[in-house]
Amino acid sequence: MRNIIGCFFIGLIAVFSTFAQADSVPIIETSENLSNTITQLTSKNNELKNRLKWQKEQIAHITTHQNTILAQISHVQNTLATLDEQGEWLSFSTALGETLRLQLLNLPEKPKPQAIDAEIAEAKVSQLNDNNSLKQLENYPNLTKNKFDNRQINEYRQLIREQNELLKTTMSGYDTIILELTKLKIANSQLINAIDSVNDAAHRYFFWVADVNPINTYFLLDFAKDTLFVLFSVDTASQIYHACIDIIKTPSLLFLLVITLIAVFIDFKTKPKYNQYLDKSASRVGKVTQDSFSLTMKVVVYSLLMALPIPILWAIIGYVLQMNWQYPAVVALGYGVNAAAPILWVFIISAHFASPKGLFIAHFAWPEFQVRSAMKYYQLSVWVVIPLVMIVMSFDHYNNRQFAATIGRFSFILLCFALVFMTNAIHRAGVPLYIDKKGSGCNLFSRILWVILLSAPWVAIFAACLGYLSTAQILLGRLEASVVTWFGLLVIYFMIRRWMWIQKRRIEFERAKQRRIERLAQRAKSEEDHTTNSNTPDMIDEPVIDLDVISAQSLQLVRSIIAMIALISMVLLWSELHSAFAFMENIKLWGTKVIINGNEVEHYISLSSVFIAILVLTITVQLVKNLPALLELGILQHLDLAPGTGYAISTVSKYIILLVGCMIAFSFVGIDWAKIQWLIAALGVGLGFGLQEIFANFISGLIMLFEKPVRIGDTVTIRDLTGTITKINTRATTIVDWDRKEIVMPNKAFITEQLVNWSLSDAITRIVLTIPATIDADSQLVMDILLKVAKECEYVLNDPEPQVFLVDIQEGIQLFEVRLFASEMSHRMPLRSEIQQLIIKEYCKHGLTLPFPPLQTNLESLGRKTGRRTYTIGTI
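Letter by letter, the sequence shown follows residues 3 to 878 in the working numbering.
Written out as structure tokens, the structure reads:
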């Protein structure tokens, strides 16, 4: 992007220069004008001659650079060939490994193509300017012999011809320069690719090969000798002294140090105010009327900022030391200081979070004794771990790792012992590495993570003693970085959990206030009742909320998202070591036939392919498991979808992801479409015979998801079963009836059979009751009573309004039909019960009597005649 912007500005300059030169054609009317023009042409020609000379030198320099790059490419390719030839012998000879490592250290640095791009752009601009100058020569006036001297005219014409030839030559020279620069750029790209190939091969071959000799009886003697030679030598002290003098004499480096020192001073001065804010925010945490999530966010931000100045100072010191390239010991020390800066920042952040009024104790409500126990070796981490990291990284970059086997290895072993103490302290404190669905850190996965974390330093010590120093350093560094990333995501999880806790407490508090208002209103209406007044509380009890019980689904969604982020982070963090595990390509498990260009070729499945297939299946399962929540949170809740459409999209998406993931995973182990197409064909035949019902149920399930004849939560009647839909699966649908029994119904029945959905588009249902009365009863009075009862019943809807009709008279009995409407299915039974009780009560009140039981037979016959289901008082 920077190169594009630079070329753009250079092009603008060329355009503006073209416009500026458009009016530079001289006007020659007098001899004096002609003399000035001749002088200008002579100066321009001399400039062009100097430019031609510079072009020849530039072309020669570019050609020399090309030859150098080509020689470097050849050297790198030879090194790569040597690695490929000698790679299998590295495990048998440490000396061979050291020799090849020295060859790798002598590899050239990667060239930077930005400078070449800028030179090409400048050459094109100069070429454009010369082209404009050439066009301007055509506009120069032709002089006549009447007004000017012949000698001046001849000199003028000769200079113009000479400038014309010079401009054409320079333009051709710029073409050559651009061509050679393009070749040089291509050569640089080839060199970069060759260096990358060598680095990849070296990482593959050397990662699992011992880089130093195993520890022997002379190790302590060699360590003491190297320590005296390096740390207490006059040369090291002299390099550090001269580097300090150079830093003081360099204003820019000194300015950086002064600025960071001022920042550290301000940090120490603001520390009391920071502590005051922690005390103030901690006093508000837990109080429902004062607590807010912004307090937690401010504590996090302020803690990060307060922990930043000292690591920045540390990084600036490392950068300043690295600038003294003429002093190798100082440069190596700068690398070590820079490597320790981010670790120092993590330690200081942890100390701020673990303070008594900090994030962990005051906001997350972690037990204080556990936090103090986890931070037991904090001083050890600052005063021991940081210096050891500096020493290890410094000797990895000093004098071709000459002292890495002694001082570097001894420091690394001490560093591993320090990590053992710190890790055991954190483990004894009960810090969880994984939170399960119940919100507990005591689970199998957390214990497995702790076993890996506790054993890693001991394994690194053992590997370093055997000579695998670089391997142990890289793997332990990746593991510790993974732990930091994992713990950071754990802190984010507890922050989200606290936000949900605060929101839940606010909702409960508002409900408590509403209940108090209702109690006060009730007390005001019954002031005479002193007992009620005395039992009514005046204060609001702040509810205590168990977050592991409330909002379980939301917490599960948060855990799923964080688990996906953690998985992706681990893949990205460890992906740089993919070439180190290339040895698994050589472990062949089984063979398979592959057709390439019509020829059948034997292809072997390696151990790495199996691991990749397992990883793909793991990611696929996680996606299928967490996809509904992710879609609902990220996309579906923002769309205006019909009921059930979101569920259909989530279900079909899960099927597609599962199918694609399985096909990709199976392809890595040699099971591709060409292998299973006959199985699919046989499965199709099986579907046509033995599995046709299962296949029909599967297709019916897809139709139900999109056509939505039933949805989750609908009340349906199918066959002789009435209940509520609770689950729609691929093969069958689960219905819960009124007895709380779960009935699994095949999906095919919902598509091919008659179905009654009581709540598909409207949950309102009608209830028809047949009420009898004696022949001598006043029919209008009975109808008025039934209407009055219908309006008094709380379950009966006013819209549609209830209706009463006298439908029949037979055998001395009047039959009335009451048509009522209930808002939902759950109100049907309470409505029947309440309204029939009210009818009996009103009958007794008005002196009406009900017919005798023999009426039941007549009502059943009436129902058969009319084809309508009838009801009597006392029946449901």
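All C-beta atoms in this analysis are idealised placements derived from N, C-alpha and C, irrespective of residue type, glycine included. Fair warning: this is a prediction, and the values are worked out from it, not measured in the lab.
Presumed contact (8 Å Cβ cut-off) between residue i and residue j, rounded CB distance
i, j, result
"residue 196", "residue 82", "7 Å"
"residue 400", "residue 334", "4 Å"
"residue 779", "residue 850", "6 Å"
"residue 230", "residue 74", "At roughly 39 Å, the Cβ-Cβ gap does not stay under 8 Å, so residue 230 and residue 74 are not in contact."
"residue 398", "residue 326", "Not confirmed; about 18 Å, so no contact."
"residue 497", "residue 298", "6 Å"
"residue 396", "residue 337", "6 Å"
"residue 462", "residue 478", "5 Å"
"residue 319", "residue 182", "In fact, because the Cβ distance is near 43 Å, the residues do not count as touching under 8 Å."
"residue 216", "residue 471", "Not really, about 10 Å apart at Cβ, beyond 8 Å."
Cα-Cα separation, residue i to residue j
i, j, result
"residue 698", "residue 735", "14 Å"
"residue 163", "residue 68", "36 Å"
"residue 576", "residue 203", "17 Å"
"residue 339", "residue 331", "12 Å"
"residue 862", "residue 831", "With a pLDDT of 45 at residue 862, under the threshold of 50, the modelled position of this residue cannot be trusted; read the value that follows with caution. If you take the alpha carbons of residue 862 and residue 831, they lie about 22 Å apart."
"residue 798", "residue 805", "11 Å"
"residue 448", "residue 437", "8 Å"
"residue 40", "residue 173", "23 Å"
"residue 710", "residue 728", "14 Å"
"residue 263", "residue 505", "42 Å"
"residue 341", "residue 713", "58 Å"
"residue 499", "residue 274", "29 Å"
"residue 329", "residue 240", "9 Å"
"residue 829", "residue 737", "19 Å"
"residue 127", "residue 119", "12 Å"
"residue 352", "residue 519", "46 Å"
"residue 840", "residue 444", "58 Å"
"residue 310", "residue 488", "21 Å"
"residue 282", "residue 383", "30 Å"
"residue 656", "residue 569", "19 Å"
"residue 574", "residue 392", "26 Å"
"residue 47", "residue 34", "20 Å"
"residue 718", "residue 302", "52 Å"
"residue 661", "residue 608", "23 Å"
"residue 784", "residue 654", "57 Å"
Buried versus exposed call for residue i [16 or more other C-beta atoms within 10 Å across all chains shown]
i, result
"residue 313", "buried"
"residue 827", "buried"
"residue 63", "exposed"
"residue 740", "exposed"
"residue 613", "exposed"
"residue 453", "exposed"
"residue 385", "exposed"
"residue 802", "exposed"
"residue 791", "buried"
Option nearest residue i by Cα separation, candidates the options
i, options, result
"residue 1", "696, 200, 405, 289", "Residue 1 is absent from the model: the chain starts at 3 and stops at 878."
"residue 123", "176, 770, 167, 133", "176"
"residue 139", "267, 165, 569, 571", "165"
"residue 213", "393, 406, 414", "406"
"residue 291", "511, 43, 757, 516", "511"
"residue 807", "775, 508, 379", "775"
"residue 747", "520, 117, 724, 803", "724"
"residue 434", "491, 801, 112, 460", "491"
"residue 836", "418, 127, 421, 794", "794"
"residue 702", "753, 315, 616", "753"
"residue 800", "61, 608, 822", "822"
"residue 72", "155, 186, 834", "186"
"residue 733", "44, 705, 755, 726", "705"
"residue 76", "469, 189, 47", "189"
"residue 265", "156, 847, 308, 250", "308"
"residue 2", "667, 252, 842", "Absent from the structure is residue 2, since the part of the chain shown begins at 3 and ends at 878."
Residues of its chain near residue i, where Cβ-Cβ distance is below 7 Å and the 5 sequence neighbours each way are ignored
i, result
"residue 362", "355, 356, 368, 373"
"residue 304", "276, 279"
"residue 169", "50, 132, 135, 136"
"residue 416", "390"
"residue 560", "495, 498"
Own chain residues within Cβ distance below 6 Å of residue i, not counting five before or after
i, result
"residue 154", "36"
"residue 669", "none"
8 Å CB neighbourhood of residue i in its chain, flanking five on each side removed
i, result
"residue 112", "193, 194, 197"
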